[in-house]
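Single-structure report; data block below.
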Amino acid sequence: MKFTWFNLMPWQDLPDDFREKHRSVWVDIDSRLFDPARAHHLYNEYMDLLEYSSTLGFDGIGVNEHHQNAYGIMPSPNIIAAGLARRTKDVGIVVLGNSIALYNPPVRVAEEFAMLDCISGGRLVAGFPVGTSMDTNYCYGQIPALTREKYNEAHDLIKRAWSDPDPFAFNGRYNKLRHVNIWPRPIQKNMPIHIPGGGSVETYDFCIDNTYSYSYLSFSGYIRAKALMQGYWDRVADRNAPDDSPYRAGFAQTICVADTDEEAERLYSEHVSYFYNRCLHVYGGFADAPGYRTIKTIQSGALSQYAPPVDGYGELTWKDLNEQGHVIAGSPETVRQRMEELIKGLRVGNVFCLMHVGNMPKDKCMYSTKLFAEKVMPKLRDMFPDHKDDNRFWCSPLKNQAKPGNLPTEQMVAAAVGGKD
Amino acid sequence: MELKTVKTHAVPVRYIEAGKGTPLVYLHGAGGIQLGDPLIAKLAETHHVFAPLLPGYGDSEECGELRDMLDFTLHTADVVEALGLKDPILVGHSMGGMIAAEMAAIAPASVSRLALICPAGLWHDAHPIPDIFAMLPYEMPQYLFHDVEAGTKIMTAGVALSDPEWLKGFLVMNARQMGMAGKILFPIPERGLSQRLYRIKAKTILIWGDSDRLIPPTYAHAFKKAIAGAELVSIAEAGHMVTAEKTNQVGAAIAKLG
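The listed protein sequences correspond, in order, to chains A and B.
Residue numbering for the first sequence follows our numbering, beginning at 75 and increasing consecutively.
Residue numbering for the second sequence follows our numbering, beginning at 185 and increasing consecutively.
The structure is reproduced here in structure tokens:
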């Protein structure tokens, strides 16, 4: 199993009446709710937590990309990842990922990922999301019906930029480049790639055909994810993939651990409520730009967000969120049992553990993280013994890692250059 | 009135044909057009009307090869040619007006009579056009109609805007149609038309609803200024869907072209 400690980096100060007073947490979120001085502390706290979790035995620490979004203040995950690469060792740096259709030209992603791979000594696990409609279409202005075509072209360009040893011309529809020759190049020749998806068959096939791991990064938990993940595994079988390794798939899950189930509710309930009842308040008009999603997805989807609002908003309670599986919370044993259900039920070798939730303060987050790392994770390690050697979807770090912050002292320098001062 | 198909270079195109008389090509707006459209019926009293559907609209085949403004413009010129028409009266509503204006600008010798009904295609920062791609169905009537209540009934054929079956059908249709429209309208409905309008040689009638809240009448004046000799017909108590709200007056204005 590969466990990644994942941080969305939510803004923690959305007011109690946020849903009543503001139409969306995303795209046109009120900038007056943002305080840059507060963000200084928040970014550093979140990076500290990522670094802390890297010392507890997680396989990876994860970041992602969102724009104009108060539950994810990380428009550039690469900036965070660069900081993490310097201050951690051994752990995978999971960037899930860069929305490659948004970069002009996308060789920028090839370059930055190559830099991250070099700085981290081959610890990069890369992600290429198509991106949500909110990010891709409404914030970054990509034409919905052309987004996937542009994405595919960006993907081909990045892959070739990483692997072709010689300069080449790339005559794409969206990118015309006469001299592609990125410098630096990544350490990992077979970069592990994870693709976040939301149930489209095109994305299933794209992962299967390229040996990429399919990641379902939902916030609604493992119970609701069953049908979607089964659809993926059915497709893996139908398309005659060479194997059905569980590492071909990943899933994100909100997890809160305490000494007892009661303590979990007492400690975490308000923070979970903040996230599920406040942070996910997205205006329906931004959810799905026409042409972005397939007809089939619309036909199977929920329609309530498109209808006129009824009076007020319902609150999802701690009980609802736990029973429906949005959240796995409780004592180490409760969490272990439910995680086992998740891992077996969805057949996922990669779990992205959302252990910081909403406006959770750092002490509670550290407490929950440590309990998970020490009392839950070890018992879940050997879920797929038949596939334990499958390293295709994970990073392969250099044996000889640089030690950051290892300059000689000024006296040593003086001695080395001839004793002058 | 009949729904027919004509072959073009890109894809078979569905079109509504009705009436007899001087040939007139009608290009629909982003919301599409259906058999029985009242304006088509009105125009068909005096004209031989052809109203081609953009690929992806109604039951017509989609066309991935059409990506940008030039593709749309040349495709529509192909349709006119495939219909065997030469210099028909060219009429366009909203997005259709944008395409018609482009056709008249790109090939001024092929378009001598032009009617633009609240066309898209220009953008003024002082008068941002509301984002139709970020609107929920229940929010649309207020931007589209002068009489919002009556307009809502026109839009849903009387069904409630929250009716799940209506919503599902609407969203599926919207994904196809607006997905296609988005190629020239998303995220800002402007593709450089302003720098080409000077090329238009056609006798041009501009038709605008006084209470158009989607593309406000300030844009009528911008078009009028940019197209030499253009005449503006303003219609009172009508919104962006002036075609549905004041069908006879729109018909009469178009009739000025012969």
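Ideal placement from N, C-alpha and C gives every residue a C-beta, glycine not left out.
Predicted model, so just to flag it, every value in this text is computed and none were measured.
Give me the chain B residues within the contact set of residue i, using Cβ-Cβ distance strictly less than 9 Å, ordered along the chain.
i, result
"residue 246 (chain A)", "Here the premise fails: no neighbours, minimum Cβ distance about 13 Å."
"residue 205 (chain A)", "Under the 9 Å cutoff, chain B gives no residues; its nearest Cβ is about 14 Å from residue 205 (chain A)."
"residue 215 (chain A)", "370, 371, 372"
Residue i by DSSP, collapsed to three states: which one?
i, result
"residue 297 (chain B)", "strand"
"residue 45 (chain A)", "In this structure chain A extends from 75 to 495, so residue 45 (chain A) is not present and cannot be described."
"residue 227 (chain B)", "helix"
"residue 420 (chain B)", "coil"
"residue 266 (chain B)", "helix"
"residue 245 (chain A)", "strand"
"residue 261 (chain A)", "coil"
"residue 270 (chain A)", "strand"
"residue 236 (chain A)", "helix"
"residue 28 (chain A)", "The structure shown does not extend to residue 28 (chain A), since chain A spans only 75 to 495, so no value can be given for it."
"residue 107 (chain A)", "helix"
"residue 466 (chain A)", "coil"
"residue 286 (chain A)", "coil"
"residue 259 (chain B)", "helix"
"residue 281 (chain B)", "helix"
"residue 474 (chain A)", "coil"
"residue 307 (chain A)", "helix"
"residue 57 (chain A)", "Shown here, chain A extends from 75 to 495; a query on residue 57 (chain A) therefore has no answer."
"residue 86 (chain A)", "coil"
"residue 153 (chain A)", "helix"
"residue 241 (chain B)", "coil"
"residue 440 (chain B)", "coil"
"residue 480 (chain A)", "coil"
"residue 251 (chain B)", "coil"
"residue 407 (chain B)", "helix"
"residue 579 (chain A)", "No answer is possible for residue 579 (chain A): it lies beyond the span of chain A, which begins at 75 and ends at 495."
"residue 420 (chain A)", "helix"
"residue 280 (chain A)", "helix"
Work out the CA separation of residue j and residue i for me, nearest whole Å.
i, j, result
"residue 266 (chain A)", "residue 307 (chain B)", "45 Å"
"residue 190 (chain A)", "residue 176 (chain A)", "19 Å"
"residue 338 (chain B)", "residue 113 (chain A)", "49 Å"
"residue 407 (chain B)", "residue 297 (chain B)", "15 Å"
"residue 213 (chain B)", "residue 257 (chain A)", "48 Å"
"residue 380 (chain B)", "residue 132 (chain A)", "60 Å"
"residue 250 (chain B)", "residue 463 (chain A)", "47 Å"
"residue 188 (chain B)", "residue 440 (chain B)", "28 Å"
"residue 446 (chain A)", "residue 406 (chain A)", "7 Å"
"residue 274 (chain B)", "residue 285 (chain B)", "9 Å"
"residue 242 (chain A)", "residue 253 (chain A)", "6 Å"
"residue 478 (chain A)", "residue 123 (chain A)", "19 Å"
"residue 211 (chain B)", "residue 219 (chain B)", "14 Å"
"residue 426 (chain B)", "residue 236 (chain B)", "20 Å"
"residue 79 (chain A)", "residue 353 (chain A)", "20 Å"
"residue 414 (chain A)", "residue 458 (chain A)", "11 Å"
"residue 85 (chain A)", "residue 125 (chain A)", "19 Å"
"residue 388 (chain B)", "residue 351 (chain A)", "54 Å"
For residue i, write down the residues that DSSP places opposite it in a beta bridge.
i, result
"residue 327 (chain A)", "A:427"
"residue 234 (chain B)", "B:201, B:209"
"residue 189 (chain B)", "B:198"
"residue 436 (chain A)", "Paired residues: none, contrary to the question."
"residue 388 (chain B)", "B:298"
"residue 78 (chain A)", "A:134, A:426"
"residue 402 (chain A)", "A:329"
"residue 251 (chain A)", "A:244"
"residue 415 (chain B)", "B:389"
"residue 276 (chain B)", "B:211, B:300"
"residue 145 (chain A)", "Note: residue 145 (chain A) sits in no beta bridge, so no partner."
Residue i touches chain B at which residues, Cβ-Cβ below 7 Å?
i, result
"residue 220 (chain A)", "251, 367"
"residue 273 (chain A)", "Simply none; closest approach about 15 Å."
"residue 131 (chain A)", "Ordered by position in chain B, no residue passes the 7 Å Cβ test against residue 131 (chain A), which lies about 44 Å from the chain."
What in chain A is Cβ-close to residue i, meaning under 7 Å?
i, result
"residue 363 (chain B)", "218, 219, 364, 365"
"residue 318 (chain B)", "212, 359, 360"
"residue 329 (chain B)", "Those within 7 Å of residue 329 (chain B) in chain A number zero; the least Cβ separation is about 17 Å."
Residue i versus chain B: which residues are under 8 Å apart at the beta carbon?
i, result
"residue 423 (chain A)", "Near residue 423 (chain A) there are no residues of chain B at all, since even the closest Cβ is about 34 Å away, more than 8 Å."
"residue 146 (chain A)", "Correct list: empty, because the minimum Cβ distance to chain B is about 20 Å."
Unbroken stretches of the beta strand (DSSP E), 3 residues or longer, contained in the region 160-203 of chain A: 166-169, 198-201
Segments assigned alpha helix (DSSP H), at least 4 residues, entirely inside the region 303-380 of chain B: 325-328, 332-340, 348-369
Inside the region 310-367 of chain A only - beta strand (DSSP E) runs reaching at least 3 residues: 323-331
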